[in-house]
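Chemist:
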Amino acid sequence: MTSITIKPLSPALGAEISNVDLHAPISPATLAEIKQAWDAHLVLRFRGQMLSDQNLLDMSRLFGELDPPGPNPYGKPFLEDFPEINVISNVKVGGAPIGNLGDGEAVWHCDMTYVESPPRAALLHALEIPPSGGDTFWSNMYLAYETLPDEMKAKIAGRRAIHDATYNSAGMMRKGMNPVTDPRQAPGAHQPLVISHPDTGRAALYLGRRRNSYILGMALAESEALLDALWAHATQPQFSFRQEWRLHDLILWDNRCTLHRRDSFDPETRRVMHRTQIKGLALTAFAG
Ligand code: SIN
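This is how it looks when you write it as structure tokens:
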């Protein structure tokens, strides 16, 4: 018997889950349905969930152990009482940012792939949204891999790439990092270009972020050309879903088989999102 309602949000990925109250304890049966929908749709949207920070933490823990936010440019957690929560915001109080990423575009990426074991998932809760702009997009990396031409699949089979740790998706340098002049020397984990998803076993293209990426063992020019082609393929509109935020939307996404990016918005408006992430495992290459 189904208790939740699942409405797909695009042909490629994303589904809206309704008929569930995220403040109340969720039964094991309902949680199993949500997890099944998540495996199928990769990104889940829950609308009208006015969650406190504690609710957000409790809800996030249903999907695994929390992973603390990565280092931000300011070197300390944004919420003293909830250091597990990252704040994504352009708002400043007394000249000091209350959150990360500002109001500019955040380029396509998946989160923290520059560490050996990147988060498996993230949850983003909309607390204040601008009247327009600031939409977020996700792209399906299973589809991206499955639709790659065979010769591209052959070129990347068994290959690894550097996932640069230097800059965040808004182009801000992380604390303690130095500018990178040669991508071959970029600091960060070396990840397989095609992973086997730890839960589904399906092959997914695993690109991390474009800036300072480098395919190990290739001439730099060859690596640059192949990465440009892979990124152009992976970020095509037919693989993606666009989220136009409403207040108290909560989005849960699988960080292993999706990329995401965000549009810029008017700096004179306010956008405040609270975000958690769930610990993941080191990823293994897809064996074919
Ligand atoms: C992020 O990249 O985690 C932030 C996405 C957003 O601000 O919508």
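Plus 9 on top of the position in the sequence shown (first one is 1) and you've got my numbering.
Here a beta-carbon is modelled for each residue, glycine too, at the ideal position from N, C-alpha and C.
(1) Counting along the chain, where does the beta strand (DSSP E) carrying Met186 start and finish?
(2) Given the structure, does Gly104 come close to the ligand SIN, in the sense that its CB is under 8 Å from one of the ligand's heavy atoms?
(3) Inspect the CB distances between the stretch 109–118 and the stretch 201–221 and report whether three or more fall short of 8 Å.
(4) Express the C-alpha separation of Arg168 and Gln200 in angstroms, rounding to a whole number.
(5) Rounding to the nearest angstrom, what Cα-Cα distance links Gly289 and Val124 in this structure?
(6) Between Leu152 and the rest of its own chain, which residues show a CB-CB distance below 7 Å, the 5 nearest in sequence each way excluded?
(7) From Pro139 to Arg280, what does the alpha carbon distance come to, in whole angstroms?
(8) Would you list the residues whose beta-carbon is nearer than 7 Å to any heavy atom of the ligand SIN, in the order they occur in the chain?
(9) Taking 8 Å as the threshold, find out whether the stretch 171–188 comes into contact with the stretch 69–82 through three or more Cβ pairs.
(10) Taking its Cβ as the centre, do 16 or more other Cβ atoms sit within 10 Å of Arg193, making it buried, or is it exposed?
(11) To the nearest angstrom, how far is it from the Cα of Met223 to the Cα of Ala212?
(12) Mapping DSSP to helix, strand and coil, what is Ala212?
(13) Smallest Cα separation from Gln252: which of Gly113, Leu53, Ala38?
(14) State buried or exposed for Gln45, treating a residue as buried only when at least 16 other CB atoms are found within 10 Å of its CB.
(15) Kindly give me the distance between the Cβ atoms of Leu51 and Asn149, rounded to whole angstroms, as I take these residues to be in contact under 8 Å.
(16) My output table needs one value for Met282: the three-state DSSP class, helix, strand or coil.
(17) Taking Ile260 and Leu202 to be in contact with their CB atoms under 8 Å, please state how far apart those CB atoms are, rounded to whole angstroms.
(18) Which residue or residues does DSSP assign as beta-bridge partners of Tyr176?
(19) Which runs of the beta strand (DSSP E), 3 residues or longer, sit entirely within the stretch 189–268?
(20) My guess is that Thr344 and Ala131 are in contact by the Cβ rule of under 8 Å, so how many angstroms apart are they, rounded?
(21) Between Thr190, Thr122, His32, which has its C-alpha nearest Ala198's C-alpha?
(22) From this set, Leu18, Thr14, Trp240, Trp147, which residue's C-alpha is nearest Asp30's C-alpha?
Modeler: If we stick to the structure as given:
(1) Note, Met186: premise wrong, no beta strand (DSSP E); not H, not E.
(2) Not so, every heavy atom of the ligand SIN lies at least 8 Å from the Cβ.
(3) Enough Cβ pairs lie closer than 8 Å, so yes.
(4) Per the coordinates, the alpha-carbon of Gln200 lies some 9 Å from the alpha-carbon of Arg168.
(5) Rounded to whole angstroms, Gly289 to Val124 spans 10 Å at the Cα level.
(6) Around Leu152: Ala21, Phe248.
(7) Each residue's CA atom was taken as its position, placing Pro139 and Arg280 some 6 Å apart.
(8) Put simply, the residues with a CB less than 7 Å from any heavy atom of the ligand SIN are Ile97, Leu110, Ala115, His118, Asp120, Ala131, Leu133, Gly143, Thr145, Ser178, His269, Arg271, Met282, Arg284, in chain order.
(9) In short, these stretches touch, since the Cβ pair count reaches three.
(10) So Arg193 ends up on the exposed side.
(11) At residue 223 the sequence reads Tyr, which differs from the Met that was named. Here the alpha carbons of Ala212 and Tyr223 stand approximately 20 Å from one another.
(12) Three-state DSSP puts Ala212 in a strand.
(13) When only C-alpha atoms are compared, the closest one is Leu53.
(14) With fewer than 16 other CB atoms across the displayed protein chains lying within 10 angstroms of its CB, Gln45 is exposed.
(15) Contact flag correct, Cβ pair sits at about 6 Å.
(16) The answer is strand: DSSP assigns Met282 an E or B state.
(17) With 8 Å as the limit, Ile260 and Leu202 do not qualify as a contact, their Cβ atoms being about 26 Å apart.
(18) Paired residues: Met182.
(19) Look at the stretch 189–268 and you find these whole runs of beta strand (DSSP E), each 3 residues long or longer: 199–201, 203–205, 212–214, 249–252, 259–263.
(20) Shown here, the chain extends from 10 to 297; a query on residue 344 therefore has no answer.
(21) Out of Thr190, Thr122, His32, Thr122 has the C-alpha closest to the C-alpha of Ala198.
(22) Nearest in C-alpha terms to Asp30, of all of Leu18, Thr14, Trp240, Trp147, is Thr14.
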